[in-house]
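S.K.: Attaching a single structure in structure tokens format; questions to follow.
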Amino acid sequence: MTSSVTITDVRRARERFDPDIVRETPVERSRSLSEMSGADVRLKMEHLQRTGSFKTRGASNKLHEIVEAGEGERSEPSERTASDASREHGDAERVVAASAGNHAQGVALAASNAGIPAVVVMPEDAPQAKVDATRGYGAEVVLHGREFQAAVAHARDLAEEPGSVFVHAYDDPAIVAGQGTLGLEVAEQVPDLDTVIVPIGGGGLIGGVATALASVAPEVRVVGVQAEDAATVPDSLDKGEPVDREHTRTIADGIATGGVADLTYDLIERHVDEVVTVSDDEIAHAILTLLQRAKQLVEGAGAASVAGLLSGRIDVADETVVPLLCGGNIDMSMLDTVLEHAMTDRDQLLRLRVRIEDEPGELSTLSTVLADRGANVRHVRHDRAVEDLRVGEAYLVFEVAASGREHAGQLLDAIRDRDYEVDRIN
């Protein structure tokens, strides 16, 4: 029978927390998102945790459990709860974990605080910012494999060494109970809560949050969101058992786990009301919206809840809604990619190809046309070796920052008014 998690486990996890390691993060109302969605939107700022994500909660609870086991602390049989089943770690000399980044940092910080060495296996393409942060918290980082599941398999092999304890990112009652403390916080901070929107990777966060809310606020609707190119929960629920996905591809690397565990699947099936999927384009749009309108910088996994809110797939009209911003550890190269994609989609970044006579002064003329209409030229290049050009012709390719769709149209019209042939190529 699959181990489960109870409200007693969640409350015990909360009692263990060191406030210097696990913070109570704030909730802030977003007027802009409220207007966009037709709901009263309160953002749970979990990306403001010390490690930049909720993962510190579960990791801290697990490490406390390991330390207590080492000190010989045991519950009496009549008091024993589901999470006690994983507390047989009294001889732990190190912990081993696998993570795309956020669990890695949570384990590294919690292990350092507990005085236990940590080894964390991360995929070879893990964001460098997350790798550096994990090392900064004191863990040894091993890069292995291209997918999260490959990293997990290697970490399990390392954990076979005597004195090692494997700390799974979500398939562990102590981890799930720690994440569930977020549900207790939200219920206390937003007593009129109608719906909470939770990103789903391996299901540890939504499983814990839903378990907590089922006990303290059963009237609250729990909605999960997955990136569509990493979504496994809809298929799992359809088939009645966890379904894995060998390859995942999404900008939300924090929720690209490729599957849920029996433990988390059971909690999702029992306590989660609805699951929707969102595209990477919608996640990118959510990242930019949060940055522009809420002044919050979050990673793809952290923005997935807002992507779900803005997708129109969740009926939230006139409700009080809390999307969980569960992580803020975005790699700068990914941020640049996301911003460029989102700005292009909003007609704020244009690539214009203008056919010219390859003569002195043409670049100056076109630059003046764009500058006179308030456009900022970010890059420009000449293309001469193009098959459809006549001898003596060239293309000028401009990357231009514009204010939006109307401005973009004005720039194209201004160039055409000067009798140039111009195409937008992005």
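Using the numbering used here, the first residue of the sequence shown is number 952, and each one after it goes up by one.
Heads up, the beta-carbon is just placed ideally off N, CA and C, and yes, glycines get one too.
These figures come from a predicted structure and were not determined experimentally.
(1) Relative to the alpha-carbon of alanine 1268, which residue among Ala1049, Val961, Asp960, Asp991 has its alpha-carbon at the smallest distance?
(2) What is the DSSP secondary structure of arginine 942, counted as helix, strand or coil?
(3) Starting from the C-beta of glycine 1155, find all residues in its chain whose C-beta is less than 7 angstroms away, skip the five residues before and the five after it, and write them out in chain order.
(4) Whose CA, out of Val956, Thr1007, Ser955, Ile958, lies closest to the CA of threonine 976?
(5) Could I get the ranges of all uninterrupted beta strand (DSSP E) runs contained in the region 1255-1302, with 3 residues as the minimum, in chain order?
(6) Leucine 1340 by DSSP, collapsed to three states: which one?
(7) Using a Cβ distance threshold of 8 angstroms, determine whether the region 1103-1121 contacts the region 990-1004, with at least three qualifying pairs required.
(8) How close, in whole Å, do the beta carbons of alanine 1326 and valine 1351 come, if the pair is a contact with beta carbons under 8 angstroms?
(9) When the Cα of valine 1249 is compared with those of Leu1218, Ser1262, Ala1235, Gly1209, which residue comes out closest?
(10) Count the C-beta pairs between the region 1335-1342 and the region 1361-1377 that are closer than 8 angstroms, then say yes if the count reaches three, no if not.
(11) Just grab the DSSP bridge partners of aspartate 1186 for me.
(12) Would valine 1176 pass as a contact of alanine 1255 if the rule is Cβ separation under 8 angstroms?
(13) Secondary structure at glutamate 1027, three-state DSSP: helix, strand or coil?
(14) With distances taken Cα to Cα, identify the nearest neighbour of serine 983 among Leu1347, Ala1161, Arg1244, His1330.
(15) Just curious, the beta strand (DSSP E) that glutamine 1177 is in, first and last residue?
(16) Quick check: the Cα distance between arginine 1356 and isoleucine 1366, rounded to an integer number of angstroms?
(17) Using DSSP with H/G/I as helix, E/B as strand and the rest coil, what is asparagine 1377?
(18) Between the beta-carbon of leucine 1300 and the beta-carbon of methionine 1294, is there less than 8 angstroms?
(19) Take serine 1230 as the anchor and find which of Ala1207, Lys1246, Asp1217 has the nearest alpha-carbon.
(20) Just mark serine 1011 as buried or exposed, buried being the case when its beta carbon has 16 or more other beta carbons within 10 Å.
(21) How many angstroms separate the CA atom of alanine 1101 from the CA atom of isoleucine 1151?
(22) What are the partner residues of tyrosine 1346, as DSSP defines its beta bridges?
M.R.: Reading from the atomic positions:
(1) Your numbering for residue 1268 matches position 317 in the sequence shown. Looking at the Cα atoms, Asp991 is the closest of the given residues.
(2) With the chain represented from 952 up to 1377, any question about residue 942 goes unanswered, as that position is not in the structure.
(3) What you label residue 1155 is simply residue 204 of the sequence shown in a count that begins at 1. Result list for glycine 1155: Gly1009, Ala1120, Tyr1121, Ile1126, Val1127, Gln1130, Thr1215, in chain order.
(4) Indexing the sequence shown from 1 puts residue 976 at position 25. Closest by alpha carbon: Thr1007.
(5) 1271-1274
(6) Within the sequence shown, the letter at position 389 stands for residue 1340. If DSSP states are grouped into helix, strand and coil, leucine 1340 belongs with coil.
(7) no
(8) Locating residue 1326 in the sequence shown gives position 375, where the first residue counts as 1. Locating residue 1351 in the sequence shown gives position 400, where the first residue counts as 1. The pair is a contact, with the Cβ atoms about 5 angstroms apart (cut-off 8 angstroms).
(9) Position 298 of the sequence shown holds residue 1249. Checked all of Leu1218, Ser1262, Ala1235, Gly1209; the closest Cα to valine 1249 is Ala1235.
(10) no
(11) Here residue 1186 corresponds to residue number 235 of the sequence shown, with the count starting at 1. Paired residue(s): none; aspartate 1186 is not in a bridge.
(12) As a working note, residue 1176 is residue 225 in the sequence shown. As a working note, residue 1255 is residue 304 in the sequence shown. Yes, Cβ-Cβ distance for valine 1176 and alanine 1255 is below 8 angstroms.
(13) Residue mapping note: residue 1027 aligns to position 76 of the sequence shown, counting from 1. Low confidence applies here, because glutamate 1027 scores a pLDDT of 42, under 50, leaving its location unreliable and the question unanswered by this model.
(14) The residue labelled residue 983 in the question sits at position 32 within the sequence shown. Measuring from the Cα of serine 983, the nearest candidate turns out to be Arg1244.
(15) Residue numbering aside, residue 1177 sits at position 226 when the sequence shown is read from its first letter. Here the beta strand (DSSP E) through glutamine 1177 covers 1172-1178.
(16) In the sequence shown, the residue the question calls residue 1356 occupies position 405. In the sequence shown, the residue the question calls residue 1366 occupies position 415. Distance between the alpha carbons of arginine 1356 and isoleucine 1366 is about 16 angstroms.
(17) Here the question's residue 1377 lines up with position 426 in the sequence shown. Coil at asparagine 1377, not helix or strand.
(18) The residue given as residue 1300 occupies position 349 in the sequence shown. The residue given as residue 1294 occupies position 343 in the sequence shown. Taking 8 angstroms as the Cβ cut-off, leucine 1300 and methionine 1294 qualify as a contacting pair.
(19) Within the sequence shown, numbered from 1, the residue matching residue 1230 stands at position 279. Answer by Cα proximity: Ala1207.
(20) Taking the sequence shown and counting its residues from 1, the one referred to as residue 1011 is at position 60. With 16 or more other Cβ atoms within 10 Å, it is buried.
(21) In the sequence shown, counting from the first residue as 1, residue 1101 sits at position 150. In the sequence shown, counting from the first residue as 1, residue 1151 sits at position 200. So the two alpha carbons sit approximately 20 angstroms from each other.
(22) Residue 1346 sits at position 395 when you count from the first residue of the sequence shown. In the DSSP output, where bridge partners are listed per residue, tyrosine 1346 has Arg1306, Asp1334.
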